[in-house]
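Trainee: Pasting a structure below so you can have a look.
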Amino acid sequence: MTTNTIKKKSVSISFLSYFKYLLLLMKPRVMSLVIFTCAVGLLTAPVSVSFLNSIIAIFFVTMGAGAAGALNMWYEADLDKLMTRTCLRPIPTGKVNREHALLFGTLLSVISVAGLYYFSNLTSALLLSITIAFYVFVYTIWLKRKTPQNIVIGGASGALPPVIGWTIATNSLTFEPITFFLIIFFWTPSHFWALSLYKADDYQKAKIPMLPITNGIEETKKNIFVYSLIMLPIVILPYYIGFVGETFLIVSLLLTFYYNYVCYDLLKFKKNKFEIKKAKKVFSYSIFYLFLLFVLFLVDQIIK
72 MTTNTIKKKS VSISFLSYFK YLLLLMKPRV MSLVIFTCAV GLLTAPVSVS
122 FLNSIIAIFF VTMGAGAAGA LNMWYEADLD KLMTRTCLRP IPTGKVNREH
172 ALLFGTLLSV ISVAGLYYFS NLTSALLLSI TIAFYVFVYT IWLKRKTPQN
222 IVIGGASGAL PPVIGWTIAT NSLTFEPITF FLIIFFWTPS HFWALSLYKA
272 DDYQKAKIPM LPITNGIEET KKNIFVYSLI MLPIVILPYY IGFVGETFLI
322 VSLLLTFYYN YVCYDLLKFK KNKFEIKKAK KVFSYSIFYL FLLFVLFLVD
372 QIIK
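Here the sequence shown stands for residues 72 to 375, where the numbers follow my numbering.
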């Protein structure tokens with residue numbers, strides 16, 4: 072093997088490794104949720120879209136979510152290196168340059184919105200641009216370091232992908248996709264506050280005003296339980312407006328009752344204290360719970 076061949080191979084491996092780290096900037100786990108919820112919004116819409124167009128449209132929505140993630144990591148690199156949960160991300164470990172992350176996120180933002188507009192429609196492209204801008208400017212830059220309500224207000228950006236999926240098919244907004252938005256929006260606080268309970272030291276070090284730090288453990292537990300109760304009328308709403316049938320209503324209520332139970336179980340522990348195992352249970356079940364709710368939307372569509 073010649074010296075030139077070895078050099079070319081090492082450059083190739085280096086490029087592939089750097090590309091892998093750029094992909095990690097896009098928060099793959101968040102992207103998987105975006106793909107799923109966006110697909111549910113698209114598949115439950117009353118207008119059918121060809122398989123190829125659906126894949127292309129969801130690809131650009133996913134790219135947009137990844138762009139928001141990359142820009143979030145670019146801006147929060149100083150915080151990420153302080154927290155055990157985020158210290159191994161590409162920028163804190165020096166795998167990706169901050170300026171490259173900014174360029175990467177910006178390019179992805181422009182390409183994703185332009186691509187969705189070209190292959191889909193203006194409504195979905197506008198919603199995607201709002202999603203990216205809200206997550207980066209409102210949540211990441213404005214709210215996160217200033218208020219314990221950061222995750223409540225900021226949750227709006229994470230609640231938009233299924234709505235975008237609906238508009239990809241219909242090019243319009245009706246009340247049905249708003250129920251998707253409301254489910255994710257009101258689910259988000261209890262989900263993240265459960266995480267913030269057992270990651271409070273991380274947030275304290277990074278000086279992020281999460282609820283356990285600003286308002287204490289007891290107040291956080293109460294808010295988690297209250298937001299779990301809010302999910303009861305929220306899951307009834309799709310049935311009330313005639314969007315889903317009885318199967319969705321019954322199963323979603325059973326899932327929500329159990330969510331209420333695990334949140335109450337967390338709350339009733341000693342005052343101003345919490346059990347890590349119970350907080351983790353709320354966090355883990357909340358993910359499973361949201362996933363099943365959106366599966367139920369698909370099941371209901373099949374039954375119809």
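Built from N, CA and C at the ideal position, the CB exists for glycine as well.
#1: Can you give me the start and stop residues for the alpha helix (DSSP H) that methionine 102 sits inside?
#2: I'd like the list of long-range same chain contacts for valine 207, defined as Cβ closer than 7 Å, with 5 residues on each side in sequence excluded.
#3: Just to confirm, are phenylalanine 190 and isoleucine 235 a CB contact at a threshold of 9 Å?
#4: Secondary structure at cysteine 158, three-state DSSP: helix, strand or coil?
#5: When you compare only the Cα positions, how much space is there between alanine 172 and isoleucine 301?
#6: Thinking arginine 160 and aspartate 151 are a contact (beta carbons under 8 Å), I'd like their distance in whole angstroms, please.
#7: Pull up the CB-CB distance for glycine 225 and tyrosine 210, whole angstroms please, since I reckon it's below 8 Å.
#8: For leucine 363, name the three-state secondary structure that DSSP assigns.
#9: At the level of alpha carbons, what is the spacing between cysteine 334 and cysteine 158?
#10: Considering only C-alpha positions, which residue in the set Ala265, Leu95, Lys276 is nearest to asparagine 389?
#11: Restricting to Cα atoms, I'd like to know which of Val315, Ile374, Ala196 is closest to valine 181.
#12: Rounded to whole angstroms, what's the CA-CA distance from phenylalanine 387 to isoleucine 222? Just pull it up for me.
#13: Reducing DSSP to helix, strand and coil, say where arginine 169 ends up.
#14: State buried or exposed for methionine 135, treating a residue as buried only when at least 16 other CB atoms are found within 10 Å of its CB.
#15: Hey, how far is the Cα of threonine 327 from the Cα of arginine 156?
#16: What do you reckon, are the CB atoms on serine 299 and leucine 282 nearer than 9 Å?
#17: For the 8 Å Cβ check, are there 3 or more pairs between the stretch 102 to 112 and the stretch 229 to 245?
#18: Taking only the alpha-carbon atoms, compute the straight-line gap between lysine 215 and isoleucine 255 and give it to the nearest angstrom.
#19: Just to confirm my understanding: we take valine 315, look at its own chain, exclude 5 residues before and 5 after, and list those with CB closer than 6 Å. What are they?
#20: Verify the CB distance criterion: does glutamate 147 have a CB-CB separation below 9 Å to chain D?
#21: I'd like to know whether the C-beta atoms of valine 306 and leucine 324 end up nearer to each other than 9 Å.
#22: I need the DSSP call for glutamate 247, collapsed to helix, strand or coil.
#23: Counting only the same chain and skipping the five closest in sequence on each side, list residues whose C-beta sits under 8 Å from that of proline 219.
Mentor: Considering the structure as presented:
#1: That run of the alpha helix (DSSP H) goes 99 to 114.
#2: Excluding residues within five positions, the ones whose Cβ falls inside 7 Å are Ala139, Leu142, Asn143.
#3: Not in contact: phenylalanine 190 and isoleucine 235 (Cβ atoms no closer than 9 Å).
#4: Coil, per DSSP.
#5: Each residue's alpha carbon lies about 38 Å from the other.
#6: Indeed, because the Cβ distance is near 5 Å, the residues count as touching under 8 Å.
#7: Contact holds; Cβ gap of about 3 Å.
#8: Leucine 363: helix per DSSP, three-state reduction.
#9: Answer to the nearest angstrom: the Cα atoms are 29 Å apart.
#10: Absent from the model: residue 389. The displayed extent of the chain is 72 to 375, so no value can be given.
#11: Selected option, being the one with the closest Cα: Ala196.
#12: What is shown of the chain runs 72 to 375, which leaves residue 387 out entirely.
#13: Here arginine 169 carries a helix assignment [DSSP, helix/strand/coil].
#14: Here the sequence assigns glycine to residue 135, which means methionine is not the residue at that position. In this structure glycine 135 is buried. Its beta-carbon is surrounded by 16 or more other beta-carbon atoms within 10 angstroms.
#15: Approximately 28 Å between the Cα atoms of the pair.
#16: Result no, Cβ atoms of serine 299 and leucine 282 do not sit closer than 9 Å.
#17: A contact exists between the stretch 102 to 112 and the stretch 229 to 245.
#18: Roughly 19 Å separates the two Cα atoms.
#19: Cβ contact annotation for valine 315 (same chain, cutoff 6 Å, sequence separation greater than five): Pro309, Asp371, in chain order.
#20: Of the protein chains in this structure there is only one, and it is not chain D.
#21: Yes; because the gap between Cβ atoms is below 9 Å, this pair is in contact.
#22: For glutamate 247, the secondary structure class from DSSP, reduced to helix, strand or coil, is helix.
#23: Only residues of its own chain outside the window of five on either side were considered, and among them Pro280, Met281, Leu282, Ile284, Thr285, Asn286 have a CB closer than 8 Å to the CB of proline 219, listed in chain order.
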